[in-house]
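Single-structure report; data block below.
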Amino acid sequence: MSEAIIRKDLTVLGRDSLLRALLAVTIVLVVVSVFTGLQRERVFVKEKTAALETDRSVWMNQGDRNPHSAAHFSRYAFRPASPIALLDPGTGDFAGLAIWMEAHYQDPAAFRRAEDGGELSRYVQLTPAFLVLTVAPLLVFVMLFGSIAGEREDRTLRQLLASGVDAGRFFRGKLFAGLRLTLGGFTAVFLPVAVLAALLTPADLTGDAIVRLFVMYLLFAAYLVVFVALAIGVSAIFRTRQSAFLALTAVWTMMAIVVPRFGSDIATSVHPQPDARDATVQLRAASDVYYRDTEMREQIEKDVLAEYGVATIEELPIDYGAYVLQFSEEMSEPLFDEFYNGLDARYAKQEAVVRTLSLFTPSIAAANLSRGVAGTDRIHQREFSKAAEAHRREMVQLLNEDYMYNADGAGYAYTAGTDLWAQFEDLDHQVPALGSIGRAYAIDALFMLVWLVAAIGFAYWSVRRAVTGEEAA
Amino acid sequence: MNRAILFQEGLTFVRRGPALVVLALLAVAFAYAGWSGDRWRDAQTENLQAFEARMAGELVGFREQLAGIESGDVEPSPYDANPMSILFPAVLLPASLADFAVGHADLHPASAEISTWRNLSSVFGRYQFDNPTTLASSSFDVAMVVVVLLPLLMIAVSFDVLAGERSRGSLALLLSSPLRLRELVWTRLLYRNGLIWLAAGAAILLLAIANDSGGDRFARLGIWFGISIVYLLVWFALIGYCVARFRSAPATAGSLVGLWLLFTLAMPASIATLTEALYPTPSRLAFLSEIRTAQGDTNRNLAEVTEGFLFDHPELTVGDESLPSFYRAAFLSNQAALENTRPIVEAYERAREGRDRTVRWAQFLSPSIIAQRLLNLSAGADLQRQHRFQSQVQGSLVELGTALGPAIVSRNRLSVSEFDALTPFAFEDVSARQIAFSAVGPGLFLLALAVALGFAANRRLDEDEDGSVAV
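The listed protein sequences correspond, in order, to chains L and E. According to the working numbering, the first sequence holds residues 1 to 473 in order. According to the working numbering, the second sequence holds residues 1 to 471 in order.
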């Protein structure tokens, strides 16, 4: 009997011209979003490769120079491209593409692509993830609002019940009809998109990227199941299509539009974004910590002289200026760590506030997971920043130590050349494997699971209630 | 206005729960958006003013040192009162109505340090400290409530104005009285939407007064009101048209929600994608590469570049040679970077102009785009304002380089009078009058669209009435 209900629903939905038109428009939007995403990523990889080559060339051809002067000029680290970023660019455009690995400073990532966006890009971005996370739930609602309310309004539910259908079968029939159409349509669109993404991605396609594509499919499918169940549950509450439609539109507006935006806004109200000027002052203070402390400077000088058993700086077998440069770097490092860890903690608090609102919508958890799986979220950005900072510290130490041990009394006039520059390689940071950072997404995954179970439970409860009500009537 | 209809609406609509829920939602949305916007604007203003005051203090110290050296009271080291140490702050303070729309203001730099230590890539300092996750989500501001939420609420309360009569088949009976169908529809729509508009208008006015920060706030508010009214009139007429066009409530609601989705989400997203594809900006990384190349070349050929500069300025006499060469190198490499990146900056400008031009035309495809653009413009949260600030900062940086270059390369100090003649940065904003002027064309278009839709709705309703009465 469930199969008959499924077949009937699929036939009715297949005849709906409004639905067919909406699906056609959505497919066009999917195609446009995939190709523009692909184009964006190709341009990014091309630009990044060119910038890396120029940076390397400028570094290698800087000529003979004092190593510390070279450390000031330094090099840039460029963020790796995620192979499936075209499906969900996530927060990638709002985080910097490159980090200057200069001496004395741990810089934030600069050059955010969002700053090059046009006037309308700030409000909404046409991406495959946007279409799945925001538009697809509305399509599901438009498709299913009359699923049970229609049966009640047309009084066909009574006929069905009279023919011996029980609540469980009726629920399964309605749910599977919705799922078959939704997941069938989604799979038919996602599969070619995933294959295209895998074949045409300008970044290196790794085994991890394939895993990520598969996880993304599961995530989006689960997300759509939640909305199918919600649609059926809400439809069963109301006696008319009109009321069900209105309620589902309200649910969609709140879940897909209002709550996510509100969450993000309230998060920055409760835990404000850091003031850039203030942050710069703090970074300067961390950078200057050694130079501002006269007592310590005197003490360090005494310690170094004692360590080498000499009376004056001139007698030291090392360049004292270079020693101080490296010492000051090492003094600043924990302060930089403190600053950036504090920043991370603040971001985590903001995200926790947003995540709390996952109680009201599955969209927040799904968006967090989608960005994470696509490799375009803050966690991936932080991994890149950490790798760049480790590389910077290594590089500055290398340059300072060369200066310290080889200056031979020449002081700032000492110069090194290509042999030294060649020791400083490009930052080789790849997108981390999903398995290695998967724990960061545990709470969001849990929220999704809870939503999945709760939505199906709600749908069952609601259908059962409607059936009981009809039977009683 | 038919009193009987109004009385009936009072009984059936206002006393029903949903109307109160809608009004309550509206009040909460405005109250939160206003509070959040006010907090953001005040914090931003305070931070920027503190930055400006700190920089101004440093300039005072610099001048005192310079005056001491000039009068012979101070025995200077080579580093004292060096022209490279002159740093003018540049700030983009939030406009007087900034609490109503954040727009692009949270993404772009709002301050700069205009100094010869800086080039175009570093003049705005380190400012990318915001959480990208929250930054990627646009703000929940008053503009969002007006452009996105209000039309939805209007649809929610209006789509079924004729549904009851039509589903019960009592419309023909109702129209056998002297009542005209158009009168019934518009009166009901006006009653239901009027409540929302009154609540929204009162909320906006209350926020404007409560969060008043002076300046041209009320002139901007007038423009804001004008735009909001014509925008909401378009939705009002569109709802009227759909009510007239579709016979069932679900079809009316479905078409209206579809149009809302099209105008507020699909169209802005598609136009944004299209304009960015048509007018791509040059790569930021290519820009960076040019700067790095120019700096590398200057550092490598410092002696020749310095010689060339001094050759171009034969009037200069070289000053204190004990000053480390990296002062001169930094200045010259930044000047070279400015010169090398000029074609890229010009390409940026061309791409921006192309995008602006396209959006100016494409906005007529969606009333929501027009409203969003104009509301941002009147709140001072538009992208052009950010670009104007950036371009004025760049101009100021070039000006400072030209004024200080000879002294820096020849390792001399400025005189106090030369220092006093330097022009600090002051942002030149557009006036409320200019904003109003920009809003006239699109505003009139919205008005014309509303009138056209209203006429079309009336025509449909008249046809419908004739049909119903004939039945």
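Note that CB positions come from ideal geometry on N, CA and C, so glycine has one too.
Quiz item: Which residues, taken in chain order from the stretch 45 to 64 of chain E, show a beta carbon closer than 7 Å to some beta carbon of chain L?
Solution: The stretch 45 to 64 of chain E vs chain L, Cβ under 7 Å: ASN47 and PHE51.
Practice problem: Please decide whether TRP117 of chain E counts as near chain L, where near means a Cβ-Cβ distance under 9 Å. | Solution: No, its Cβ sits nowhere closer than 9 Å to a Cβ of chain L.
Quiz item: So is SER269 of chain L in contact with chain E if we call contact Cβ pairs under 9 Å?
Solution: Chain E, which has a Cβ nearer than 9 Å to the Cβ of SER269 of chain L, makes this yes.
Quiz item: Where do the ends of the beta strand (DSSP E) carrying GLU113 of chain E lie?
Solution: 111 to 114 is the span of the beta strand (DSSP E), which, as asked, contains GLU113 of chain E.
Self-check item: Min CB distance TRP461 of chain L to chain E below 9 Å
Solution: For TRP461 of chain L, the nearest beta carbon of chain E is not closer than 9 Å to its own beta carbon.
Quiz item: How close, in whole Å, do the beta carbons of HIS104 of chain L and SER385 of chain L come, if the pair is a contact with beta carbons under 8 Å?
Solution: The pair is not a contact, with the Cβ atoms about 17 Å apart (cut-off 8 Å).
Quiz item: Whose Cβ in chain E lies nearer than 7 Å to the Cβ of ARG112 of chain L?
Solution: In chain order: GLN128.
Self-check item: Close Cβ partners of ALA366 of chain L (< 7 Å) along its chain, the five nearest in sequence each way excluded
Solution: Contacts found: LEU133, LEU219, TYR223 and MET448.
Quiz item: Taking just the CA atoms, how far does ALA90 of chain E sit from PHE425 of chain E?
Solution: Approximately 6 Å, taken between the alpha carbons.
Quiz item: Using a beta-carbon distance below 9 Å, is ASN334 of chain E in contact with chain A?
Solution: Of the protein chains in this structure, namely L and E, none is chain A.
Quiz item: Would you call the CB atoms of ILE364 of chain L and LYS174 of chain L closer than 9 Å?
Solution: At the C-beta level, ILE364 of chain L and LYS174 of chain L stay beyond 9 Å of one another.
Practice problem: Flag PRO94 of chain E as yes if its beta-carbon sits less than 9 Å from any beta-carbon of chain L, otherwise no. | Solution: Not one chain L Cβ lies under 9 Å of PRO94 of chain E.
Exercise. Could you name the residues of the same chain whose beta carbon sits closer than 8 Å to that of VAL30 of chain L, not counting the 5 residues immediately before and after it, in chain order?
Key: Within the same chain, VAL30 of chain L has close Cβ partners PRO128, LEU131, VAL189 and VAL193.
Quiz item: Which value, in whole angstroms, describes the spacing of the CA atoms of THR201 of chain L and PRO282 of chain E?
Solution: So the two alpha carbons sit approximately 22 Å from each other.
Quiz item: Do the CB positions of ARG393 of chain L and GLU102 of chain L come within less than 9 Å of each other?
Solution: ARG393 of chain L is not a Cβ neighbour of GLU102 of chain L, given a cutoff of 9 Å.
Quiz item: Does the stretch 90 to 106 of chain E touch the stretch 307 to 320 of chain L, meaning 3 or more C-beta pairs lie closer than 8 Å?
Solution: Contact fails: fewer than three Cβ-Cβ distances are below 8 Å.
Quiz prompt | Reduced DSSP category for SER462 of chain L - H, G, I as helix; E, B as strand; rest coil | solution = Here SER462 of chain L sits in helix by DSSP.
Quiz prompt | Test: ALA51 of chain L CB closer than 9 Å to a CB of chain E | solution = ALA51 of chain L counts as touching chain E.
Quiz item: How about SER176 of chain E: is its C-beta nearer than 9 Å to some C-beta of chain L?
Solution: Interface flag for SER176 of chain E against chain L is unset, since no Cβ pair is found closer than 9 Å.
Practice problem: Step through the CB atoms of chain E and report whether any lies within less than 9 Å of the CB of PRO137 of chain L. | Solution: Interface flag for PRO137 of chain L against chain E is unset, since no Cβ pair is found closer than 9 Å.
Exercise. Using a Cβ-Cβ cut-off of less than 8 Å, list which residues of the stretch 97 to 131 of chain L approach chain E; keep chain order.
Key: Result list: LEU97, ALA98, ASP107, PRO108, ALA109, ALA110, PHE111, ARG112, ARG113, ALA114, GLU115, ASP116, GLY117, GLY118, GLU119, LEU120, SER121, ARG122, TYR123, VAL124, GLN125, LEU126 and PHE130.
Exercise. Quickly, what does DSSP pair ARG91 of chain E with across the bridge? List them, please.
Key: Per the sequence shown, the amino acid found at residue 91 of chain E is Val instead of Arg. In the DSSP output, where bridge partners are listed per residue, VAL91 of chain E has E:SER111.
Exercise. To the nearest angstrom, report how far apart GLU463 of chain E and VAL161 of chain E are at their CA atoms.
Key: Each residue's alpha carbon lies about 17 Å from the other.
Self-check item: The beta strand (DSSP E) enclosing TRP100 of chain L, as first and last residue numbers
Solution: For TRP100 of chain L, the enclosing beta strand (DSSP E) starts and ends at 98 to 100.
Quiz prompt | Reduced DSSP category for PHE78 of chain L - H, G, I as helix; E, B as strand; rest coil | solution = PHE78 of chain L falls in the strand class under three-state DSSP.
Practice problem: Could you name the residues of the stretch 210 to 231 of chain E whose beta carbon sits closer than 8 Å to any beta carbon of chain L, in the order they occur along the chain? | Solution: Among the residues of the stretch 210 to 231 of chain E, none has a Cβ less than 8 Å away from any Cβ of chain L.
Practice problem: Using only alpha-carbon positions, find the residue among E:SER170, E:GLU304 and E:ALA156 that is nearest to GLN242 of chain L. | Solution: Out of E:SER170, E:GLU304 and E:ALA156, E:ALA156 has the C-alpha closest to the C-alpha of GLN242 of chain L.
Self-check item: Local Cβ density within 10 Å of THR423 of chain E, reported as buried at 16 or more and exposed below that
Solution: Label assigned to THR423 of chain E: exposed.
Quiz item: Just how far apart, CA to CA, sit GLY34 of chain L and PRO108 of chain L?
Solution: According to the sequence shown, residue 34 of chain L is Val rather than Gly. C-alpha of VAL34 of chain L to C-alpha of PRO108 of chain L: approximately 30 Å in a straight line.
Quiz item: In angstroms, rounded to a whole number, what distance separates the CA positions of PHE141 of chain L and PHE176 of chain L?
Solution: The alpha-carbon atoms of PHE141 of chain L and PHE176 of chain L are separated by roughly 15 Å.
Exercise. Would you be able to state if there are at least three C-beta pairs under 8 Å between the stretch 460 to 471 of chain L and the stretch 429 to 446 of chain L?
Key: The stretch 429 to 446 of chain L is not in contact with the stretch 460 to 471 of chain L.
Quiz prompt | Pair within 9 Å by beta-carbon distance, GLU465 of chain E and LEU190 of chain E | solution = One thing to note: GLU465 of chain E has its Cβ no nearer than 9 Å to the Cβ of LEU190 of chain E.
Practice problem: Could you pull the start and end residues of the alpha helix (DSSP H) that TYR223 of chain L belongs to? | Solution: Run containing TYR223 of chain L: 207 to 237, per the alpha helix (DSSP H) assignment.
Practice problem: Under 7 Å between beta-carbons, which chain E residues line up against GLU351 of chain L? List them in chain order, please. | Solution: THR133, listed in chain order.
Self-check item: Selection from E:SER77, E:THR187 and E:ALA371 that minimises the alpha carbon distance to VAL142 of chain E
Solution: Of the candidates E:SER77, E:THR187 and E:ALA371, the one whose C-alpha sits nearest the C-alpha of VAL142 of chain E is E:ALA371.
Quiz item: Hey, is TRP451 of chain L's beta-carbon within less than 9 Å of any beta-carbon in chain E?
Solution: So, not an interface residue.
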